[in-house]
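Visitor: I'd like to ask some things about the structure below.
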Amino acid sequence: MRVLFLSDELTILLCFIVWPIIQSGCALLMLNLPKRLFHPDHWVYRSHAFEKEGELYQTLFKVKSWKHLLPDGGAVWRKKGYQKKHLEDYRDENLEKFLVESCRGEATHIGPILLFWIFFLFTPFYVGWMMLVYSLIVNMPCIIVQRYNRPRIKHLLEKHPNRQYKQVG
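Heads up, the sequence shown is in this note's numbering, so the first residue is 1111 and it goes up one at a time.
Below, the structure is given as structure tokens:
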């Protein structure tokens, strides 16, 4: 329900101001939450049967052909972020950290999708729905990549006889 009525110009300007605040705010919030909240076996993050260990995303979206084009948010937050674009360290500790950080990354992109309703407070009704579409277009590719990669990383941990997937706590 619209509670703030501004000129069209100010409304558009506010949209351009609010989105970066939402995206950055979600990223900062997730970066500062403890890693125990991002457990790869939690029902939100684990691979579900319909996802077929992430292969659904390759079949439907051909994720391998475009995932390299996405920016790595971990590079933006240098001191706290974890870069997931290129995995060069295959030690168990790093793979386990990758799993946790991919959950954190997924949560970072779920947040803005859930917050699209804020735009209904100051935009016409149809614009609020356009903001949901925008949020889905911007955030879903990142979520898809996390959900595609996580089962593959888990398999790397489980693949070797000496490797066991450890509970991250």
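Note that beta-carbon positions come from the ideal geometry of N, C-alpha and C, so glycine has one too.
1) Quick check: what's the CA-CA separation for I1122 versus I1223?
2) Using a Cβ-Cβ cutoff of less than 6 Å, which residues in the same chain neighbour F1229 once the five nearest sequence positions on both sides are dropped?
3) Once the 5 residues before and after V1113 are set aside, which same chain residues still bring their CB inside 6 Å of it?
4) For the alpha helix (DSSP H) that I1122 lies in, which residues bound it at each end?
5) Rounded to whole angstroms, how far is the Cβ of R1257 from the Cβ of G1164, which I believe are closer than 8 Å?
6) Identify which residue in P1150, V1255, W1129 and I1132 has its Cα closest to the Cα of L1267.
7) Of all the options S1157, P1130, V1154 and L1116, which has the alpha carbon lying nearest to the alpha carbon of S1280?
8) Measure from the alpha carbon of I1263 to the alpha carbon of each residue in L1166, L1141 and E1211, then state which is nearest.
9) I'd like to check one pair, L1180 with P1065: are the Cβ atoms closer than 9 Å?
Guide: Answer, in terms of the structure:
1) Numbered from 1 along the sequence shown, position 12 holds the residue referred to as residue 1122. Numbered from 1 along the sequence shown, position 113 holds the residue referred to as residue 1223. Their backbone Cα atoms lie some 19 Å apart in a straight line.
2) By one-based count along the sequence shown, residue 1229 stands at place 119. The beta carbon of F1229 sits closer than 6 Å to those of G1238 and M1241, all from its chain and outside the five residues before and after it, given in chain order.
3) Numbered from its first residue, the sequence shown carries residue 1113 at position 3. Answer for V1113: L1231, listed in chain order.
4) For this step, residue 1122 is matched to residue 12 along the sequence shown. Note, I1122: alpha helix (DSSP H), D1118 to N1142.
5) Position 147 of the sequence shown, counting from 1, holds the residue named residue 1257. Position 54 of the sequence shown, counting from 1, holds the residue named residue 1164. With 8 Å as the limit, R1257 and G1164 qualify as a contact, their Cβ atoms being about 6 Å apart.
6) As a working note, residue 1267 is residue 157 in the sequence shown. It is P1150.
7) Outside the modelled stretch of the chain, which goes from 1111 to 1279, sits residue 1280, for which no answer is possible.
8) Here residue 1263 is taken as the residue at index 153 of the sequence shown, counted from 1. If we check each option's Cα against that of I1263, E1211 comes out closest.
9) No statement about residue 1065 is possible, as the shown extent of the chain runs from 1111 to 1279 and does not include it.
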